[in-house]
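Undergrad: Start counting the sequence shown at 65; every next residue gets the next number (our numbering). In this text, a Cβ means the ideal position worked out from N, Cα and C, and glycines have one as well.
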Amino acid sequence: DLVDLILERCEHDYDPDGTGLVPAALTAIWASSRGLAEPEILNVAEVPQAFWSPLRMALQESLVSYSGMMGFSHDDIADAVETRYLASAEARRAAHRRLAGFFASQPLDGRTAVELLYQLDAAGDWDGLAAALQDLPVFAEAWEIAKPAVIRHWEHLTDATGLTPAAAYADITARPDDFDDQHVWAVAALFMTTRQSESALPLQRRLADDARRDGDPLHLQAALGMEGVSLFLSRDYEGSLARHEEEEAICRRYDARQELQMCLGNKANPLIALERFDEARRTLDEAIDLCRRLGDTQQLGRRLATLAELLLKQDDLIAAEATLRDAMPILETGGDHIALEAGAQRLNDLGVALKNAEHYERAEACYRDAERLARVLRRPALVGFAMMNRGVVLGRMRRTAEAITLLEEAEAIARDAENSDVLMRCLFNRAGRLVEAERYAEALPALDEAMALARETGQEAMLPHMEAMAAAARSHLW
């Protein structure tokens, strides 16, 4: 309310004729992803310098410059601008469309590419976003500096239109030799990062072959690294290990320490999958040591998370928990959504192991942290999964009422996400808690729906447990 009064005063003092210059300038800043340079504000809002300068002085405590980009100093200002000037969804989309048009007209670099994609996505301009993502120079520039953002744009576009990266870049996959190496690298990296290994591998093999032919060891090292990751995701663990070992030899030969720690971190994954745990531990220890010496905290978080996975495989649950708790704050600070999602999944996995070992309080804490991260990441399916697991643990701890409430919330999330598997498990577990609470009449509808979902999803192995529980509930009622 206070900020709204300030905006009203600015309109009165600096735009008494009501020409709309104050809202034009402030909505331009509101719509940007990370602020605008002063010349950009003047251009987009079409306001003269003589008007902007006194307005900026009047709002000096509400505005802050981030590396030359002007933004709001706190969220309350952005909220007040949105409430006062952009009350409707169409007004908000229009603000983003204006900025999209502006950035589309600017010389292409990383920032203009990132802003263009952000604005098109925020405007819900799916045709424009599809065209921009398929514009290979725009895509490659954005991918270079904002990989998680590009992945989110693709997720939103696929959800809205059904267009997938594999379909959009089919020409590159089919004829990689017809395209610029920089663009092939970027598309291959997108496929690898989004676990589309079948599409990634032909491109990565072409890049490795080109590097061998050209006698370019550093490009060969990078191509081998990407191919090794894709082979791991394709479950070709021996092939993955072979690529990373070849990559490692190049890194050591040229004393490429940053590349070596990345290689060692990736090499540990097939070693863990092949249950060569001692080799995996030595590999990870060296990677972690390199991260510390290089000051690479983001990769340190990733390596610690992988070490936690190794410790979990070796049933050293307490050490795995401690290591993962060291890793997660580092990953959260770095804002790496891909690594954070993997970390949330590892917290779930660790929670399962702790639950099975009857360390219920530790398991519940892991699930709670996984749920919190999933909410930050806006992954409703992962939120529902973590809540379901936490509800099961609460039931094991005889906190029945809490478990029932939590499982009901998880059911609602699973329904919205159309996740039949999680919904079935929520219903089954909630029915179990209802039976424990002697609420037999409420348990039966949940069991009926759970059994129907088990049949639909081909999980008939669950049916005998559900039928036995339903029979017990009916016997109490009759």
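Between which two residues does the beta strand (DSSP E) holding phenylalanine 136 run?
TA: Counting from 1 along the sequence shown, the entry for residue 136 is found at position 72. Unbroken beta strand (DSSP E) run through phenylalanine 136: 133 to 136.
Undergrad: Have a look at alanine 122 and cysteine 74 and give me their C-alpha separation to the nearest angstrom.
TA: For this step, residue 122 is matched to residue 58 along the sequence shown. For this step, residue 74 is matched to residue 10 along the sequence shown. Answer to the nearest angstrom: the Cα atoms are 8 Å apart.
Undergrad: Where does isoleucine 382 land, buried or exposed, given buried means 16+ other C-beta within 10 angstroms?
TA: Start at 1 with the first residue of the sequence shown, and residue 382 comes out as number 318. Flag for isoleucine 382 reads exposed.
Undergrad: May I have the straight-line CA-CA distance separating glycine 496 from alanine 158, to the nearest angstrom?
TA: One-based indexing of the sequence shown puts residue 496 at position 432. One-based indexing of the sequence shown puts residue 158 at position 94. If you take the alpha carbons of glycine 496 and alanine 158, they lie about 50 Å apart.
Undergrad: Out of Val293, Leu324, Gly329, Arg316, state which residue places its alpha-carbon closest to the alpha-carbon of threonine 257.
TA: Along the sequence shown, read from residue 1 onward, the residue named residue 257 stands at position 193. Residue Val293 is the option with its Cα nearest to threonine 257.
Undergrad: Rounded to the nearest angstrom, how far is the Cβ of alanine 142 from that of tryptophan 94, given a contact under 8 Å?
TA: Translated into positions along the sequence shown, residue 142 becomes position 78. Translated into positions along the sequence shown, residue 94 becomes position 30. Confirmed, about 6 Å.
Undergrad: Where does the unbroken alpha helix (DSSP H) through valine 214 begin, and where does it stop?
TA: If you number the sequence shown from 1, residue 214 lands on position 150. Counting along the chain, the alpha helix (DSSP H) containing valine 214 begins and ends at 211 to 225.
Undergrad: Starting from tyrosine 78, trace the beta strand (DSSP E) in both directions and tell me its first and last residue.
TA: If you number the sequence shown from 1, residue 78 lands on position 14. Careful: tyrosine 78 lies outside any beta strand (DSSP E), inside the alpha helix (DSSP H) at 66 to 78.
Undergrad: Output the boundary residues of the beta strand (DSSP E) element that contains serine 129.
TA: Within the sequence shown, numbered from 1, the residue matching residue 129 stands at position 65. 127 to 130 is the extent of the beta strand (DSSP E) around serine 129.
Undergrad: Within the same chain, show all residues whose beta-carbon is closer than 8 Å to that of glutamate 309, passing over the 5 residues directly before and after it, in chain order.
TA: Residue numbering aside, residue 309 sits at position 245 when the sequence shown is read from its first letter. Once the five neighbours on either side are set aside, the close Cβ partners of glutamate 309 are Lys331.
Undergrad: Do leucine 324 and cysteine 315 have their C-beta atoms within less than 9 Å of each other?
TA: As a position in the sequence shown, residue 324 is number 260, starting the count at 1. As a position in the sequence shown, residue 315 is number 251, starting the count at 1. In contact: leucine 324 and cysteine 315 (Cβ atoms closer than 9 Å).
Undergrad: Just the C-alpha distance for glutamate 350 and leucine 328, rounded to the nearest angstrom, thanks.
TA: In the sequence shown, the residue the question calls residue 350 occupies position 286. In the sequence shown, the residue the question calls residue 328 occupies position 264. Looking at the two C-alpha atoms, the distance is approximately 8 Å.
Undergrad: If you measure between the beta carbons of lysine 211 and alanine 253, is that distance less than 9 Å?
TA: To locate residue 211, count along the sequence shown from 1; it is residue 147. To locate residue 253, count along the sequence shown from 1; it is residue 189. Yes, they are a contact pair.
Undergrad: On the DSSP bridge list, what partners appear for leucine 100?
TA: In the sequence shown, counting from the first residue as 1, residue 100 sits at position 36. Paired residue(s): Met134.
Undergrad: Taking isoleucine 468 and leucine 437 to be in contact with their CB atoms under 8 Å, please state how far apart those CB atoms are, rounded to whole angstroms.
TA: As a position in the sequence shown, residue 468 is number 404, starting the count at 1. As a position in the sequence shown, residue 437 is number 373, starting the count at 1. Incorrect: roughly 24 Å between the Cβ atoms, too far for contact.
Undergrad: In this structure, how does DSSP classify glycine 301 when only helix, strand and coil are distinguished?
TA: On the sequence shown, position 237 is the one that residue 301 refers to. Sequence check: residue 301 is tyrosine here, not glycine. In the structure shown, tyrosine 301 sits in a helix (DSSP, three-state: H, G or I).
Undergrad: Quick one: any contact between the stretch 368 to 381 and the stretch 389 to 397, if contact means 3 or more CB pairs under 8 Å?
TA: Output reads yes: the stretch 389 to 397 touches the stretch 368 to 381.
Undergrad: Out of Ser261, Asp223, Arg270, Leu265, point me to the one whose CA is closest to aspartate 241's CA.
TA: Walking along the sequence shown from the start, residue 241 turns up at place 177. Minimum Cα distance to aspartate 241 is reached at Arg270.
Undergrad: In its own chain, which residues sit with a C-beta less than 7 Å from the C-beta of alanine 151, not counting the 5 before and 5 after it?
TA: Position 87 of the sequence shown holds residue 151. So the list is empty, once near-sequence residues are dropped.
Undergrad: Let's test the definition: count the other Cβ atoms within 10 Å of the Cβ of proline 229 and tell me whether it reaches 16, buried, or not, exposed.
TA: Walking along the sequence shown from the start, residue 229 turns up at place 165. Proline 229 should be labelled buried.
Undergrad: Using only the alpha-carbon positions, how far apart do aspartate 274 and proline 171 sit?
TA: Position 210 of the sequence shown, counted from the first residue, corresponds to residue 274. Position 107 of the sequence shown, counted from the first residue, corresponds to residue 171. Each residue's alpha carbon lies about 31 Å from the other.
Undergrad: What are the start and end residues of each continuous alpha helix (DSSP H) run of 4 or more residues lying completely inside the stretch 336 to 405, in chain order?
TA: The stretch 336 to 405 contains these whole alpha helix (DSSP H) runs: 341 to 358, 361 to 377, 381 to 398.
Undergrad: From which residue to which residue does the alpha helix (DSSP H) around aspartate 191 run?
TA: Taking the sequence shown and counting its residues from 1, one reaches residue 191 at position 127. Residues 190 to 198.
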